[in-house]
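Take a look at the structure set out below.
2 protein chains.
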Amino acid sequence: MGKKGGDYQLKTPKGTRDWSGPDVVLRERIFETITKVFKRHGAVTIDTPVFELKETLTGKYGEDSKLIYDLADQGGEICSLRYDLTVPFARFCAQNATQNIKRYHIAKVYRRDQPAMTKGRMREFYQCDFDIAGQYDSMLPDAEILRVIKEVFEDLPGWKGKYTIKINHRKILDGIFQICGVPADKIRTISSAVDKLDKSPWEEVRREMVEDKGLNPEIADKIWSYAQLKGGKEIVTKLQEMPEVQANESAKQGLEDMALLCSYLEIFDVLPALSIDMSLARGLDYYTGLIYEVVTEGSAPSASSKDVAKKEKKQKKSADPDEDRSNDPTIGVGSVAAGGRYDELVGMFSGKSIPCVGISFGVDRIFSITKARLGANQAMRPTEVDVFIMAFGGGKGFTGLLPERMQVAKILWDAGIKAEYMWKAKPKLQNQFKAADNSKVPWCVILGEDELKDGKVKIKEMGLSEGHPEKDGVMVEKTKLVDELRTRFEGKTSLPDRTVA
Amino acid sequence: MGKKGGDYQLKTPKGTRDWSGPDVVLRERIFETITKVFKRHGAVTIDTPVFELKETLTGKYGEDSKLIYDLADQGGEICSLRYDLTVPFARFCAQNATQNIKRYHIAKVYRRDQPAMTKGRMREFYQCDFDIAGQYDSMLPDAEILRVIKEVFEDLPGWKGKYTIKINHRKILDGIFQICGVPADKIRTISSAVDKLDKSPWEEVRREMVEDKGLNPEIADKIWSYAQLKGGKEIVTKLQEMPEVQANESAKQGLEDMALLCSYLEIFDVLPALSIDMSLARGLDYYTGLIYEVVTEGSAPSASSKDVAKKEKKQKKSADPDEDRSNDPTIGVGSVAAGGRYDELVGMFSGKSIPCVGISFGVDRIFSITKARLGANQAMRPTEVDVFIMAFGGGKGFTGLLPERMQVAKILWDAGIKAEYMWKAKPKLQNQFKAADNSKVPWCVILGEDELKDGKVKIKEMGLSEGHPEKDGVMVEKTKLVDELRTRFEGKTSLPDRTVA
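Here the protein sequences come in this chain order: A and P. Read in full-length UniProt numbering, the first sequence has 72 at position 72, and its numbers run on one by one without any break. Read in full-length UniProt numbering, the second sequence has 487 at position 487, and its numbers run on one by one without any break.
In structure tokens form, the structure reads like this:
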């Protein structure tokens with residue numbers, strides 16, 4: 001990668017890439033699918049700047065703050081590239097004293113992390129966020145977010161039934177930590193350790209808790225007895241039946257929320273995709289209630305726990321964020337979507353809280369997995385052109401019919417039809433067919449000198465099988481060309497990647 | 001603007017803004033209009049990173065290089081935010097040894113310039129670019145670009161017939177400079193001065209040429225005699241009939257190009273929007289052939305030449321790019337689209353040239369003007385929701401029908417219908433109507449306890465006039481709700497901003 005251009009490397013910066021060809025076509029389709037779901041639920045988009053005042057981002061990301069990209073100080077304000085879309089959204093709500101909004105935002109975010117290109121982990125990547133701000137009756141916006149998650153993954157090609165929504169509740173988790181006897185000032189850091197259970201084995205997480213974070217080993221083992229609980233809505237009942245849990249105010253409240261949520265998710269038919277998972281904790285500080293993460297086959301590392309432990313050690317040693325780990329097979333792609341409730345974040349800006357709940361889809365990871373799943377099956381059209389205009393002829397007297405081709409192009413464009421012709425005065429017929437074929441253009445309009453004199457042109461649909469009545473094309477009146485084409489477009493719109501009209 | 005949040009300003013960085021509400025809806029529509037035209041002409045999109053290696057941008061923008069935003073040096077590569085989409089495109093073509101491509105790219109670019117928010121000039125703004133790379137017969141891609149410009153402005157709401165495409169040719173211009181006697185090493189800088197004629201009076205430009213740039217006053221006056229030439233394709237003939245012009249190889253070639261182009265633009269019906277203008281020079285260094293700029297009413301400053309001269313002086317004195325000139329009425333919005341042919345830019349990266357021609361639409365300026373033109377006429381729907389689901393009832397026994405409303409929502413979402421309900425267990429009917437009204441939702445589905453027992457629900461179209469047979473709504477079978485709604489959606493799709501199905 002990267003060609004020498006003069007005396008420097010011709011490349012994109014580390015951890016970034018160009019998107020082009022079939023990749024960008026597939027990614028655009030993923031964006032469209034997700035946007036359609038967001039709009040189905042009444043969301044509007046907002047667009048915030050790519051960089052924010054540095055102080056807007058300060059104190060929001062805990063340990064990950066070191067991954068923030070800063071702009072150079074060129075005089076004036078000190079700014080940083082956004083790290084996610086959530087903090088800018090909270091800043092927006094605070095600044096505008098927003099009372100309620102359902103907003104979506106599809107845009108790039110920036111993290112100076114170790115890139116792992118093959119796993120779809122980049123320094124510049126897209127997030128697709130949907131958040132709901134406002135005071136509403138309990139668990140109703142939360143239920144809607146979870147329904148949105150389900151619709152997105154049901155609608156994405158290759159994902160139906162292949163994803164699990166893991167959920168938990170910060171209040172349940174905090175209650176459990178209290179029950180186990182975790183000191184109040186250690187709850188957040190122990191929570192971070194628990195969150196690693198999807199990537200690391202218990203022994204490693206226990207070691208971190210006890211050795212690195214000074215937790216009493218007995219408390220750690222108690223945590224483990226709860227952290228293993230996972231399953232359907234019966235987990236809620238199970239926890240509610242434990243006297244020590246029911247006696248804890250935080251856990252009790254969280255479980256009531258969860259029970260109500262499950263009753264809503266039953267109506268919305270989301271329960272089959274749900275896994276209530278006591279080992280889910282989420283790293284970020286700002287969550288206050290429900291938290292969730294979507295995982296899929298391939299989300300978790302396939303490595304043995306020994307490898308993982310080795311990796312963790314290696315990571316500890318090498319603090320160099322520029323180290324290339326793109327070929328490290330122990331790195332899983334992580335979750336493909338994640339989010340939760342964050343009722344205090346807006347208040348950090350304005351002093352006035354607005355309850356918020358949201359979801360962020362990691363669309364670049366979703367892209368990588370979708371691409372692998374679709375494989376070579378998916379022959380997408382590289383462009384949306386529906387008609388290629390050609391000149392028939394050759395030999396000595398052949399003019400190339402350039403003005404005539406241009407004139408037909410103009411007629412089609414005027415009618416809103418996507419059309420091309422070859423930018424050559426005297427093109428060979430076979431080269432024109434080759435160009436149409438390369439772009440997988442479904443129809444050709446072929447002009448011949450004699451036919452034009454009679455006011456006629458030929459329409460030919462590409463790829464018709466032998467014996468089809470229009471296999472060799474049909475002559476139509478030039479004045480009726482647009483209508484004749486539109487008639488042929490109809491009924492074809494259901495074909496995959498046909499983008500007529 | 002900017003609310004105090006704790007001890008710091010709650011705001012976006014200088015020269016940037018949030019986009020939300022009707023503004024973002026209108027801007028999205030502008031993007032859609034432009035994208036549709038690009039796709040009609042067979043363009044595919046590519047997406048390059050927001051920042052490039054600093055050396056990729058170095059030496060491409062002449063005097064404007066000082067406006068480039070740099071990222072902080074946090075170890076590793078030195079990067080800068082992109083200044084436009086053209087240089088990244090050329091880097092992409094060189095890196096991938098692209099032979100030919102028609103690409104469009106709609107994305108933000110960054111310039112550390114003096115913001116003038118009211119004129120739509122920001123430090124972060126969108127560009128919509130369409131470029132064609134590849135070796136083709138003369139003037140054919142150029143003609144297509146000009147046709148694309150016409151289609152965009154014909155399709156944008158409020159622009160039909162209200163724009164002028166000014167074009168010129170670097171070879172004609174260079175020839176004229178040679179004829180006038182401008183020394184070879186002064187051609188680019190004198191060209192930059194000529195380019196200011198759309199904003200400054202001749203006296204000021206002449207002063208710059210003579211006093212600042214040391215040009216012989218007689219040569220300057222000779223330039224002025226040519227620079228005033230503007231008009232339709234007759235300008236080409238007029239210049240071709242001047243013996244001194246015809247004797248200049250560069251001018252002769254440029255005029256042949258221009259004559260051929262005009263013959264193509266006649267077929268494409270672009271000539272009525274065209275003004276061949278010898279005072280158009282374009283600032284950037286990399287253009288090698290045709291250049292063009294789109295102006296509209298309001299593009300040029302309305303100030304008198306005295307004011308302009310005053311402004312120029314003021315600008316000279318204050319080199320502070322942080323000075324706020326947002327209320328300076330002498331600043332015009334400039335061109336709303338601009339581009340040209342740049343056959344050497346890709347070669348600057350790879351040593352191997354690929355001919356390129358393109359256009360960049362300044363969509364934020366286009367937005368400001370479109371918004372002003374549409375004015376209050378344009379009542380856009382804030383969301384795309386088509387159905388609001390309500391509970392009818394009240395009083396003591398009223399349950400709020402929450403599970404029932406959720407269940408209907410699920411049915412509609414399953415059918416792909418955009419629907420909302422109020423996130424309240426027991427909402428008042430009038431509050432539900434108010435919410436539907438605020439979002440301008442066109443249909444309501446109203447649930448009543450008794451009707452549900454009979455398996456029926458009511459559909460009500462909002463805003464029907466007195467006497468309409470369905471003014472008070474119609475009862476339909478709940479099992480047939482989706483079909484009944486779809487029947488009502490049909491035939492409504494042509495209404496402005498109706499986004500059903």
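We treat Cβ as the ideally placed atom computed from N, Cα and C, and that holds for glycine. Quantities reported herein were computed from a predicted structural model and do not represent experimental measurements.
Counting only residues of its own chain and dropping the five nearest sequence neighbours on each side, A:Thr16 has a CB closer than 8 Å to the CB of Met122, Arg123 and Glu124. Here the alpha carbons of P:Pro427 and A:Tyr136 stand approximately 11 Å from one another. With a threshold of 7 Å between beta carbons, A:Gly42 makes contact with chain P. Within the segment 227-244 of chain P, not one residue has a Cβ closer than 8 Å to any Cβ of chain A. A:Cys79 belongs to the set of residues whose beta carbon lies under 7 Å from a beta carbon in chain P.
With contacts defined by Cβ atoms closer than 7 Å, P:Val87 and P:Lys66 do not form a contacting pair. Against chain P, a Cβ distance below 8 Å from A:Trp413 picks out Arg40, His41, Arg147 and Glu151.
No Cβ of chain P is located within less than 7 Å of the beta carbon of A:Ser192.
Residues of the segment 252-278 of chain A with a C-beta atom less than 7 Å from some C-beta of chain P are Tyr264, Ile267, Phe268 and Asp269, listed in chain order.
In this structure, A:Lys39 is the residue among A:Asp73, A:Ile78 and A:Lys39 with its C-alpha nearest to the C-alpha of A:His105. Classified as buried, A:Lys418 has 16 or more neighbouring CB atoms from the shown chains inside 10 Å of its CB. Scanning A:Ile179, A:Gly340 and A:Glu470 for the CA closest to the CA of A:Asp131 turns up A:Gly340.
Nearest C-alpha to P:Leu485 among P:Ser439, P:Phe433, P:Val408 and P:Ala107: P:Val408. In this structure, A:Gly362 places its C-beta atom within 7 Å of the C-beta atom of A:Val336. Taking 9 Å as the Cβ-Cβ cut-off, the segment 469-489 of chain P has no residue approaching chain A. Just measuring C-alpha positions, the residue of P:Asp73, P:Arg91, P:Val44 and P:Phe31 sitting nearest P:Thr58 is P:Arg91. For the pair A:Phe392 and A:Val441, the CB atoms are not nearer than the 7 Å cut-off. Chain A places no beta carbon closer than 7 Å to that of P:Tyr342, leaving this residue out of the contacts. Close to A:Trp19, with beta-carbon spacing below 9 Å, are these residues of chain P in chain order: Thr45, Ile46, Asp47 and Thr48. For P:Asp472, no alpha helix (DSSP H) encloses it, and the DSSP letter there is neither H nor E. A:Tyr292 has A:Ile167 and A:Gly339 as its beta-bridge partners, per DSSP. In this structure, the beta-carbon distance from A:Tyr126 to A:Lys108 falls below 7 Å. Taking C-alpha positions only, P:Lys162 is separated from P:Leu81 by approximately 34 Å.
In the three-state scheme derived from DSSP, where H, G and I count as helix and E and B as strand, A:Ser360 is classed as strand.
In this structure, P:Pro49 sits away from A:Thr383, with a CB-CB distance that is not shorter than 7 Å. For the set P:Glu211, P:Asp185, P:Leu173 and P:Asn216, the Cα lying nearest the Cα of P:Asp195 is the one of P:Leu173.
Straight-line measurement puts the Cα of P:Asn100 at about 19 Å from the Cα of P:Leu146.
Look at A:Thr45 here: in three-state DSSP terms it is strand. Contact between A:Ile219 and A:Gly181 holds: their C-beta atoms lie close to 5 Å from each other, under 8 Å. In the three-state reduction of the DSSP assignment, P:Phe153 falls in the helix class. Remark: C-beta atoms of P:Asp47 and P:Leu85 do not approach each other more closely than 7 Å. The beta carbons of P:Phe51 and P:Cys79 sit closer together than 7 Å. P:Met278 sits close to P:Tyr226, with the two beta carbons spaced by under 7 Å. Inter-residue distance for A:Pro183 and A:Ser275 is about 28 Å (C-alpha atoms, whole angstroms).
When the alpha-carbon of P:Val295 is set against those of P:Lys453, P:Glu449, P:Asp198 and P:Arg112, the nearest one is in P:Asp198. One Cα belongs to A:Met348, the other to A:Met380, and the distance between them is close to 46 Å.
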